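Novice: I'd like to ask some things about the structure below.
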Amino acid sequence: QTLDDPDGMRNLERYVALTVVNQKWMEHLANMDYLREGINLRGYGQQDPLVVYNKEAFQMFEEMQHSIQDGIARYMFHAQLVQEQPQPRRTPRIIGDDLDSEAAPVGAAVTKKPGRNEPCWCGSGKKYKHCHYGK
Numbered sequence: 002q003t004l005d006d007p008d009g010m011r012n013l014e015r016y017v018a019l020t021v022v023n024q025k026w027m028e029h030l031a032n033m034d035y036l037r038e039g040i041n042l043r044g045y046g047q048q049d050p051l052v053v054y055n056k057e058a059f060q061m062f063e064e065m066q067h068s069i070q071d072g073i074a075r076y077m078f079h080a081q082l083v084q085e086q087p088q089p090r091r092t093p094r095i096i097g098d099d100l101d102s103e104a105a106p107v108g109a110a111v112t113k114k115p116g117r118n119e120p121c122w123c124g125s126g127k128k129y130k131h132c133h134y135g136k
């Protein structure tokens, strides 16, 4: 993808916007919790806690909005789209070049012994350990 590709840019903008908004929103929620914990102390200073809370919460929300805009702009100016390199084609191998000496001979049946707790091969419905395991 290049910078000329509108879909690539839109996807990049969407990703950056969602990432920044998510990060800043989580920070804002944590800051609101801190504000809620300490707002009652303002009553000792002869200030109405509800009025102070509303004022400071609104100020924090505006700061969050500005930091979101700043964060998106900052990321977009520093972002770089990397074009994916095509995978090199693998050269076909000739069958039989690297035969293992341990391979089973052609035509030999390869059978796997059933596990103890698997159903028995005879079809009785019993576990192998209760049917043909000891025989």
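Per this note's numbering, residue 2 is the first one in the sequence shown, and the count goes up by one each step.
Ideal Cβ placement from N, Cα and C applies to all residues, glycine included.
A quick note: this is a predicted structure, and the numbers were derived from the prediction, not measured.
Which class does residue 93 belong to by DSSP, given the choice of helix, strand or coil?
Specialist: Residue 93 sits at position 92 when you count from the first residue of the sequence shown. Residue state, collapsed to three classes: coil.
Novice: Report yes or no: do the region 19–28 and the region 69–76 share at least 3 C-beta pairs separated by less than 8 angstroms?
Specialist: A contact exists between the region 19–28 and the region 69–76.
Novice: Going straight from the alpha carbon of residue 39 to that of residue 64, what length do you get?
Specialist: Working through the sequence shown from its first residue, we reach residue 39 at position 38. Working through the sequence shown from its first residue, we reach residue 64 at position 63. Going from the Cα of residue 39 to the Cα of residue 64 covers about 19 angstroms.
Novice: Return the bridge partner residues of residue 87 from the DSSP annotation.
Specialist: In the sequence shown, counting from the first residue as 1, residue 87 sits at position 86. None, per the DSSP bridge assignment.
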